[in-house]
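For the sequence shown, this note's numbering assigns the number 0 to the initial residue and increments by one for each residue that follows.
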Amino acid sequence: MWHSDFCFVTHALRSPVESELLPRLLKFSQYPIYSFPQRTPPNEPALNPEVLPRVLRRVDPEYTPEARKARIAGIVVVEVIVERDGRVGAARVLKPLPFGLSQKAVEAVRQWRFSPATHEGKPIRAFFTVTVDFRPEDE
C-alpha cells in the first residue's frame with residue numbers, strides 16, 4: 000500500500016499465528032520501511048544535474064587477443080561517476096562483452112576526462128553512462 004512518500008508492508012496472517020503476532024505487527028505498520036529522499040545528499044552523485052558531463056579526452060580500449068581471435072564485436076555500456084574535477088571516480092559495467100572486453104572497457108574509461116556536471120553553476124558529482132565500441136580492425 001502506498002501512502003504519501005512512504006511504502007508500507009501489509010501482511011495477512013492465518014489463524015493460530017494471528018492471535019500472538021498480530022498486535023506486534025500492527026505496531027510496526029505505522030512506520031515506513033522505505034522512504035524516497037527529496038534531495039541528494041551533498042557528497043552523493045546527482046541524478047539530474049542542470050548541465051551533463053561532456054567527454055573531453057577519450058582513451059581507446061585495447062582489444063584482447065582472445066576477442067580478436069573469436070571476432071567479437073559490439074559495445075560495452077559503462078556507468079561512471081564523474082567527479083567534480085572531471086575524473087572518473089567509479090565505474091560499473093551495465094552491458095558486458097566476453098573475452099575480457101568489459102574489463103578493457105572499464106580500464107580505458109577510467110582514463111577518460113570530462114567537463115563535470117554542474118548545478119547552479121557549480122561542479123557536482125554525477126552519474127553518466129558511456130558506451131565503448133569494439134570492432135575488429137578488418138571490419
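Beta carbons are placed, not taken as given, at the ideal position from N, Cα and C, and that holds for glycine.
Quick check: the Cα distance between arginine 134 and alanine 90, rounded to an integer number of angstroms? 22 angstroms
Of the residues Pro64, Val58 and Leu51, the one placed nearest glutamate 136, counting alpha carbons only: Pro64
Anticipated Cβ contact below 8 angstroms, leucine 96 with isoleucine 71, distance rounded: 6 angstroms
Between the C-alpha atoms of glutamate 61 and serine 101, what's the straight-line distance to the nearest angstrom? 11 angstroms
Beta bridge counterpart(s) of alanine 89 as assigned by DSSP: Ile80
Using the Cα positions of alanine 125 and glycine 99, report the straight-line distance between them to the nearest angstrom. 27 angstroms
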